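>
2 protein chains.
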Amino acid sequence: MSYPVFAVTVDLVVLTVREGRLHVLLVRRGCEPFLGRWALPGGFVRADEDLAAAARRELAEETGLDGPGGHLEQLASYGAPERDPRGRVVTVAYLALLPDLPVPTAGTDAAEAEWRPVGRLDLAFDHDRILADGLERARSKLEYTPLAAAFCPPAFTIAALRQVYEAVWGESLDPRNFHRKVTSTPGFVSPTGGTTEGEPGRPARLYRRGDATLLNPPLLRRKALDDRSE
Amino acid sequence: MSYPVFAVTVDLVVLTVREGRLHVLLVRRGCEPFLGRWALPGGFVRADEDLAAAARRELAEETGLDGPGGHLEQLASYGAPERDPRGRVVTVAYLALLPDLPVPTAGTDAAEAEWRPVGRLDLAFDHDRILADGLERARSKLEYTPLAAAFCPPAFTIAALRQVYEAVWGESLDPRNFHRKVTSTPGFVSPTGGTTEGEPGRPARLYRRGDATLLNPPLLRRKALDDRSE
DNA sequence: TTCGTTATCGTCATGATGACGAGAAAAGGA
DNA sequence: TCCTTTTCTCGTCATCATGACGATAACGAA
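These protein sequence lines map, in sequence, to chains A and B.
Position 163 of the first sequence, counting from 1, maps to 163 under UniProt numbering, and the rest follow consecutively.
Position 161 of the second sequence, counting from 1, maps to 161 under UniProt numbering, and the rest follow consecutively.
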């Protein structure tokens, strides 16, 4: 039996919260096609490499960070025949949520890399669509899982966690109700015993991630966006 | 730039509810590898074919049905280097939810096809894992979307919809509370005006799918299962 | 000390849900 | 015909989660 031949890439939607806004990691393409255009970081899967391993490798190459604390999961795959002018390329997109980090160092095949606030971008390939899907996944994940903590350093305050929700969802939340919800949901966060120091206002207790993987009941947005279908 | 060469397949997790139990469509493999073993239906993506189009084509070939009423969505991709002895094959899995249909006719490359109750199966390749991911996705989707109606014919009773939930979740629901929830959630279902006839008991009103894409608030399972992580 | 700021705790009304009672509307048998 | 069985549909009530918001605690700065 004969069958068509494909190339397979991984592309990364790497999100973080900086200065109260949600940012995505972009690279300026250093080779054709779309030379000079902004795109999601990514690259070809190697001959003997698992998809998840390729995603982790690309993430380490682009951000210089592969340590724990963040989150990486498969997002979706994209394989329209015309999506890459070089030929038949299927890309497996991954979604990464990271705490705020120093400015990333450019990888080998990327001329530049930088954090950009999410919004109207005009990316190479079908990366606008991939980014949109990644954003919707991230917003939805925050409702049903404690993954917001993946945007935070190992120890964080409830207020910092709330600001993650506000940045990702783009809406403001009542600090008192949010505090009640987070601290009363078993396994969401657990106190470290420490507090903040030197900040304005009353010191805040520090927490780390709990061991829950699912929030029950979930923490729902006010306005549910359209479901992504197909 | 050179890069490794892959084959790309689509595999389908096709689910339906028959006699109150959740069933998955399996085919017996008619060629190597895993000849004679049960597997998910699927096949190679053609040279000029989109991934979703390939999934729809395979679904039509295996079930003989491509009409509306069901639901098809991308599930996840699997690309471990050793997952197919023929070489580097990445598969994009799709999840299909269909109303109960006549026994499927075997496709060209499948010796047999049949509905099997979900449970301990021993499938070819990594299809046990793909099936498990598909089941968890389906269970979760029923919580947050009105997709349970995809398992039902165009007009259905509330009781039939409840039996879908009971089959997919494997737990029984209170008929009265379920009725209240479904009929009071805007856009979940809308009455057709008709009723059942000839059935035992009081005739039931018939409904069709509403126009909502998301249930807010959701209809949650009692026991949340583990989140699928990557 | 006083004020501004932020964190944390409480209160109250409202809405969703689980448990369950009870009537409505059919088929079928005595 | 009349009763029983079955299933659908509507209500009731206690409980829990949530939104709105008041009040107090604990810091730094003026």
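Glycine included, C-beta positions come from ideal geometry on N, C-alpha and C.
Please read these numbers as outputs of a predicted model, since none were measured by experiment.
#1: Under 8 angstroms Cβ-Cβ, which residues of chain A neighbour residue 207(B)?
#2: Should residue 86(B) and residue 33(B) be called a contact, given that it needs their Cβ atoms to be closer than 8 angstroms?
#3: Is residue 139(B) helix, strand or coil by DSSP?
#4: Evaluate contact between the region 190–201 of chain B and the region 114–124 of chain B, counting only Cβ atoms and requiring at least three cross-stretch pairs below 8 angstroms.
#5: Could you give the distance in angstroms between the alpha-carbon of residue 139(A) and the alpha-carbon of residue 176(B)?
#6: What did DSSP end up calling residue 114(A) once you bin it into helix, strand or coil?
#7: Return yes when the Cβ of residue 62(A) is within less than 8 angstroms of the Cβ of residue 5(A), no when it is not.
#8: Give the DSSP bridge partners of residue 190(B), in chain order.
#9: Identify which residue in 31(A), 8(A) and 59(A) has its Cα closest to the Cα of residue 48(A).
#10: Would you mind telling me which residues of chain B sit closer than 9 angstroms to residue 90(A), beta carbon to beta carbon, in chain order?
#11: Taking buried to mean at least 16 other C-beta atoms within 10 Å of its own C-beta, is residue 35(B) buried or exposed?
#12: By alpha-carbon positions, which one of 203(A), 71(A), 3(A) and 200(A) ends up nearest to residue 142(A)?
#13: By a C-beta neighbour count over all protein chains shown, 10 Å radius and 16 as the cutoff for buried, is residue 218(A) buried or exposed?
#14: Going by DSSP, what residue range makes up the alpha helix (DSSP H) through residue 94(A)?
#15: What are the start and end residues of the beta strand (DSSP E) that includes residue 77(B)?
#16: Give the secondary structure of residue 63(A) by DSSP, where H, G and I count as helix, E and B as strand, and everything else as coil.
#17: If you measure from the beta carbon of residue 220(A) to each beta carbon in chain B, is any gap under 8 angstroms?
#18: Between the alpha carbons of residue 129(A) and residue 215(A), how many angstroms are there, rounded?
#19: With DSSP as the reference, please indicate the residues paired to residue 101(B) in a beta bridge.
#20: Short check: CB of residue 16(B) to CB of residue 99(B), under 8 angstroms?
#21: To the nearest angstrom, how far is the alpha carbon of residue 19(A) from that of residue 152(A)?
#22: Could you pull the start and end residues of the alpha helix (DSSP H) that residue 221(A) belongs to?
#23: Near residue 55(A), what residues of its chain come up, given a Cβ to Cβ distance below 7 angstroms and the 5 sequence neighbours on each side ignored?
#24: Counting only Cβ-Cβ distances shorter than 7 angstroms, please list the residues of the region 160–183 of chain A near chain B, keeping chain order.
#25: Starting from residue 149(A), trace the beta strand (DSSP E) both ways and give me its first and last residue.
#26: Is residue 195(B) buried or exposed, if buried means 16 or more other CB atoms sit within 10 Å of its CB?
#27: Return the first residue and the last residue of the alpha helix (DSSP H) that residue 183(B) is part of.
#28: Work out the CA separation of residue 220(A) and residue 161(A) for me, nearest whole Å.
#29: Going by C-alpha to C-alpha distance, which of 30(B), 90(B) and 2(B) sits closest to residue 112(B)?
#30: Which value, in whole angstroms, describes the spacing of the CA atoms of residue 237(A) and residue 122(B)?
#31: What residue range does the beta strand (DSSP E) around residue 8(B) cover?
#32: Is residue 217(B) close to chain A? Criterion is C-beta to C-beta, closer than 8 angstroms.
#33: Of all the CB atoms in chain A, is at least one closer than 8 angstroms to the CB of residue 96(B)?
#34: Of the residues 131(B), 37(B), 124(B) and 21(B), which one's Cα is nearest the Cα of residue 74(B)?
#35: So, is residue 197(A) buried or exposed, given that buried needs 16 or more other C-beta atoms within 10 angstroms?
Reading off the structure:
#1: Here the premise fails: no neighbours, minimum Cβ distance about 20 angstroms.
#2: yes
#3: helix
#4: no
#5: 33 angstroms
#6: strand
#7: no
#8: 208(B)
#9: 8(A)
#10: 6, 8, 45, 51, 77, 90 and 92
#11: exposed
#12: 71(A)
#13: buried
#14: First-last for residue 94(A): 89–97, but that is the beta strand (DSSP E), not the alpha helix (DSSP H).
#15: 71–78
#16: helix
#17: yes
#18: 28 angstroms
#19: Its beta-bridge partners do not exist; DSSP assigns none.
#20: yes
#21: 13 angstroms
#22: Taken as a continuous stretch (DSSP letters only), residue 221(A) belongs to no alpha helix (DSSP H), as it is neither H nor E.
#23: 10, 12, 72 and 94
#24: none
#25: Here residue 149(A) belongs to no beta strand (DSSP E), and DSSP marks it neither H nor E.
#26: exposed
#27: 175–184
#28: 15 angstroms
#29: 30(B)
#30: Examination of residue 237(A) is not possible in this model, given that chain A is present from 1 through 230 alone.
#31: 7–18
#32: yes
#33: no
#34: 131(B)
#35: exposed
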